[in-house]
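Take a look at the structure set out below.
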Amino acid sequence: MLTTAEPAATAASTATTGTTATTHGCPPKLTAAELHAAQRETLAAPRLRYGLPARVLFKQMDLVYGRERTLVKFAMLEFIARVPYQAWERMGYHALSRVRHRSTLAKRVHGRIEETRAEQDNEQWHLLILQDLIQRAGQRQTFVLHRLAPWLVAFVYYHVSWVLFLVKPEWSYRLNADFEDHAEHEYMSYVADHPELEHEPDPGTYAAEYGRHATVADLLRQIGHDERIHKLDSLIHMRAPRFQDPPADVRTAGR
């Protein structure tokens, strides 16, 4: 169903800037120089070999919102990006209820739940930031295309992620890794295609929650780097999908 051609450790070693696995799902905040280096790494790196479910999803997004990279299209991606973490959190609580009498395993499961909640929050900040940039730019959004359609896609994507996790957890993690890899490359490519963003100040609407950057270009690079970190976390969890500790070679990948 899903291609698993790249081992997690191999994928994690393809970039060198800020690729350390996160603590409870919180990606690191990079300096401007680090963000530029991260963008160069992403643009030089090949994309993952996406599985069929991811390719179908990306094709649908292109058909509905066009192939051009736009902030509005990114907002739709971020609306959808939260749902795998919501599905995993739900599965985590089911698992926690079964293993609550085994303290070591229960702590491990709860740690994974905390991580997925933090990743949800991170994706939510991405969505809020993009909506703020869209509103400031005066870009039009319609009810059908930008509220109803994303909700329907997210509804389906949630249940696909949930069912895949139930059947074979590594399939669910791999689908998310494909999604996050796509998002990472799209953000970094968008910034490269729009040099004017280098001179547009970060409005800082959510600076207290997300951090302030000098320019919108760096703000979007940070979001793209966050997606890289989420991708690497999903690839790591593919090696230990059922709330196990990952193998030592994977825990140290990218450090």
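First residue of the sequence shown: 604, per my numbering; consecutive thereafter.
Idealized CB from N, CA, C, for every residue including glycine.
Validate contact between the stretch 725-737 and the stretch 670-681 using beta carbons, cut 8 angstroms, 3 pairs: The stretch 725-737 makes contact with the stretch 670-681, as at least three CB pairs between them are under 8 angstroms.
First and last residue of the uninterrupted alpha helix (DSSP H) at THR707: For THR707, the uninterrupted alpha helix (DSSP H) segment begins and ends at 706-740.
Length of the line joining the Cα atoms of ARG739 and GLU803: The straight-line gap separating the alpha-carbon atoms of ARG739 and GLU803 is approximately 12 angstroms.
Rounded separation between HIS840 and ALA709 - CA only: Between the alpha carbons of HIS840 and ALA709 lies a gap of roughly 17 angstroms.
Bounding residues of the alpha helix (DSSP H) (the contiguous stretch that carries ALA648): Judged by DSSP secondary structure, ALA648 falls outside any alpha helix (DSSP H); it is assigned neither H nor E.
Candidates TYR776, GLY654 and ASN725: closest to PRO631 by CA position: Checking every option, the nearest Cα to that of PRO631 belongs to ASN725.
Beta-bridge pairing of THR818 - partner residues as DSSP gives them: According to DSSP, THR818 bridges with PRO804.
Distance between HIS639 and ARG658 (C-alpha atoms, nearest Å): The alpha-carbon atoms of ARG658 and HIS639 are separated by roughly 28 angstroms.
C-beta atoms of CYS629 and ALA780 nearer than 7 angstroms: No.
Exposed unless 16 or more other CB atoms sit within 10 angstroms - verdict on VAL742: The question names Val, but residue 742 in the sequence shown is Gln. Classification of GLN742: exposed, given that the 10 Å Cβ count is below 16.
Beta carbon proximity, GLU692 to chain B, threshold 7 angstroms: No chain B is part of this structure, which consists of one protein chain only.
Identity of the residue in ASP836, PHE782, HIS833 and GLU799 nearest LEU651 by Cα: Taking only the C-alpha atoms, the option nearest LEU651 is PHE782.
Cβ pair GLN727, TYR688 closer than 7 angstroms: No, they are not a contact pair.
GLU789 - containing alpha helix (DSSP H), residue span: That run of the alpha helix (DSSP H) goes 772-796.
Endpoints, alpha helix (DSSP H) assigned at TYR668: Where TYR668 is concerned, the enclosing alpha helix (DSSP H) stretches over 655-668.
ARG815 beta carbon less than 7 angstroms from that of ASP805: Their beta carbons are under 7 angstroms apart, which means ASP805 touches ARG815 by this criterion.
Proximity to TYR776 [Cα-Cα], best of LYS834, TYR809 and HIS797: Among LYS834, TYR809 and HIS797, the Cα nearest to that of TYR776 belongs to LYS834.
Contact set for TYR653: own chain, Cβ-Cβ below 6 angstroms, skip 5 residues either direction: Excluding residues within five positions, the ones whose Cβ falls inside 6 angstroms are ASP781.
First and last residue of the uninterrupted alpha helix (DSSP H) at GLU692: Segment 686-702, the alpha helix (DSSP H) holding GLU692.
Rounded straight-line distance, which links the Cα of GLU637 to that of LEU755: Cα-Cα distance, rounded: 37 angstroms.
Proximity to TYR790 [Cα-Cα], best of TYR668, MET664 and LYS676: Considering only alpha carbons, the answer is LYS676.
When ALA635, LEU769 and ASP796 are compared against GLU692, the one with the closest alpha-carbon: For the set ALA635, LEU769 and ASP796, the Cα lying nearest the Cα of GLU692 is the one of LEU769.
Collapsed DSSP secondary structure at VAL675 in the structure displayed: The answer is helix: DSSP assigns VAL675 an H, G or I state.
Element boundaries [alpha helix (DSSP H), containing TYR813]: Counting along the chain, the unbroken alpha helix (DSSP H) around TYR813 starts and ends at 810-813.
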